[in-house]
Every structure is written in structure tokens, then in C-alpha cells.
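J.: So the protein sequences, as listed, match chains A and B. My numbering puts the first sequence at residues 1 to 111. My numbering puts the second sequence at residues 112 to 223. C-beta: ideal position from N, C-alpha, C; glycine also. The structure presented is a predicted model; accordingly, all values stated were derived computationally and were not measured. I am attaching a structure below and will ask some questions about it afterwards.
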Amino acid sequence: QKEVEQDPGPLSVPEGAIVSLNCTYSNSAFQYFMWYRQYSRKGPELLMYTYSSGNKEDGRFTAQVDKSSKYISLFIRDSQPSDSATYLCAMSVGNTDKLIFGTGTRLQVFP
Amino acid sequence: DAGVTQSPTHLIKTRGQQVTLRCSPKSGHDTVSWYQQALGQGPQFIFQYYEEEERQRGNFPDRFSGHQFPNYSSELNVNALLLGDSALYLCASSSWGGTEAFFGQGTRLTVV
Numbered sequence: 001q002k003e004v005e006q007d008p009g010p011l012s013v014p015e016g017a018i019v020s021l022n023c024t025y026s027n028s029a030f031q032y033f034m035w036y037r038q039y040s041r042k043g044p045e046l047l048m049y050t051y052s053s054g055n056k057e058d059g060r061f062t063a064q065v066d067k068s069s070k071y072i073s074l075f076i077r078d079s080q081p082s083d084s085a086t087y088l089c090a091m092s093v094g095n096t097d098k099l100i101f102g103t104g105t106r107l108q109v110f111p
Numbered sequence: 112d113a114g115v116t117q118s119p120t121h122l123i124k125t126r127g128q129q130v131t132l133r134c135s136p137k138s139g140h141d142t143v144s145w146y147q148q149a150l151g152q153g154p155q156f157i158f159q160y161y162e163e164e165e166r167q168r169g170n171f172p173d174r175f176s177g178h179q180f181p182n183y184s185s186e187l188n189v190n191a192l193l194l195g196d197s198a199l200y201l202c203a204s205s206s207w208g209g210t211e212a213f214f215g216q217g218t219r220l221t222v223v
């Protein structure tokens, strides 16, 4: 079993839809949770960073962490074709520790 | 701010050869981590450098080695290349004690 599980998709939605992306994990020691966006043949771009449980909002993006269920989510409101990319969840135990990534979910937003 | 820069962008090598990849961290960052990303997979941690020392290492063989220079830039060396080493190699920079890691655009290595 992988430490971090993520549905690879692809997830295809119409422009303007609300997108929900999720990851589950098995290591209860994880405390730092991140979401990265990766366009084809590019490096990952940090979107959201959350420490421990709770919600964090930044523009159209909301990150949620439920440590009791070992489940994290990223919501994208009013999705745009430019949001089409692979979304990677990542997490770590300590603040300087290695990041453990999910496999990534490929999102396609069509006009 | 130039962000994290990696060179070269693409590289083709033959099995058995050796390769060196380079990374300059984001301005103000002192910690460099290297990741390998196979096609369709998430990045896998190789190792991390801080104060010119390897601080953490992932599950990669000794063929993978690295170095950090006094200006915080870093190199990743891979010896005796295998076909399975073909991947996107990513460098991430951060501040020691901080959590937010910023990635470069990667070096795509193809081993033939």
C-alpha cells in the first residue's frame, strides 16, 4: 500500500464547474500538506500549503485537511480551461522533511 | 527573482554513462532537494542537501550522489545509467526549517 493514494483521473469537467480533488494517506505522523499544479513537461508549482487540520482559502482554491480521516481535499471554484493540468498532493512529517507525493490527478476543463 | 533554475533542460545519454544535473535554488533559500519523476507518477525523493551535507536520503542506490556548493547550488550525479533512470529530475529549494518547497522546471533525462 502506498503512503499516499490519489486517483489518477483523468477528471473532465465543463468550464465554471466546481472541482474536487482528493488524497488519502496512511501515515498519521504527516503534519504538513501541500497541493501542487503541474503543467505538461513543467515542474510542479506550489498552490496551497496547510499545517495540520483545517481549511485554507486562496482565491478560487480551498484546501481542506481532515487528519482524523487521513483525507485531504482541494476544491477549485469557477474552473477555467487554464486550470487543466495535473494536480499533485504532497505531505511531510516535519517541516524540513522529504515530501511524499501522490501520483497526481489529471484535470481537463473544457470550454 | 529567477526562481529555481535547472540545467540542462533535456539530456540524452547511453546506458552505462554518467550524468551530472545542476540546480540553482531560489534566492534566499539554503536547502536543495532532488526528486525523480517517472512518466505518470508523482515525484520520488532522492536526497536533500543543507550546509553542503546530505541530510536525508530516499530509497535510491549509491549510483545516485550529490553535492552542494557554498553558494547553495547543487549537483545530482548518476553513474552507470540504466534505461530505468529515464525520468524528469526535479530540484526543489526551501529554507531550512521552512516547509514550502519550490520546484524548478526539471531536467528530462532519456537513457538509450
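(1) Determine the closest residue to residue 178 of chain B out of B:147, B:138, B:151, B:166, with distance taken between C-alpha atoms.
(2) Quick check on residue 155 of chain B: buried or exposed, where buried means 16 or more other Cβ atoms within 10 Å of its Cβ?
(3) Counting only the same chain and skipping the five closest in sequence on each side, list residues whose C-beta sits under 6 Å from that of residue 112 of chain A.
(4) Compare the Cα-Cα distances from residue 157 of chain B to each of B:206, B:170, B:140 and report the closest residue.
(5) Given 8 Å as the limit, is there contact between the region 19-39 of chain A and the region 128-147 of chain B, that is, 3 or more CB pairs closer than that?
(6) Residue 184 of chain B to residue 212 of chain B, Cα distance in whole Å?
(7) When the cut-off is 8 Å and only beta carbons count, does residue 153 of chain B lie next to chain A?
(8) How would you call residue 196 of chain B, buried or exposed, if buried means at least 16 neighbouring beta carbons within 10 angstroms?
(9) Note down, in chain order, every chain A residue with its Cβ under 7 Å from the Cβ of residue 213 of chain B.
(10) Please determine, among A:95, A:75, A:5, the residue with the shortest C-alpha to C-alpha distance to residue 51 of chain A.
(11) Just to confirm my understanding: we take residue 101 of chain A, look at its own chain, exclude 5 residues before and 5 after, and list those with CB closer than 6 Å. What are they?
(12) Just reading off the beta strand (DSSP E) that residue 166 of chain B is part of, what are its end residues?
(13) In terms of residues, what are the limits of the beta strand (DSSP E) holding residue 55 of chain A?
(14) Return yes when the Cβ of residue 129 of chain B is within less than 8 Å of the Cβ of residue 222 of chain B, no when it is not.
(15) For a cutoff of 8 Å on Cβ pairs, would you count residue 216 of chain B as touching chain A?
(16) Residue 88 of chain A CB to nearest chain B CB: under 8 Å?
(17) Against chain B, with Cβ distances strictly below 8 Å, would residue 101 of chain A count as a contact?
(18) Output yes or no for whether 8 Å exceeds the beta carbon distance between residue 110 of chain A and residue 15 of chain A.
(19) Whose Cβ in chain A lies nearer than 9 Å to the Cβ of residue 144 of chain B?
(20) Determine which residues of the region 163-183 of chain B have a Cβ less than 7 Å from any Cβ of chain A, and write them out in chain order.
T.: The short version:
(1) B:166
(2) buried
(3) Absent from the model: residue 112 of chain A. The displayed extent of chain A is 1 to 111, so no value can be given.
(4) B:170
(5) no
(6) 15 Å
(7) yes
(8) buried
(9) 46
(10) A:95
(11) 88, 90
(12) 164-168
(13) 54-58
(14) no
(15) yes
(16) Output row for residue 88 of chain A: interface = yes.
(17) yes
(18) yes
(19) 98, 99
(20) 167, 169
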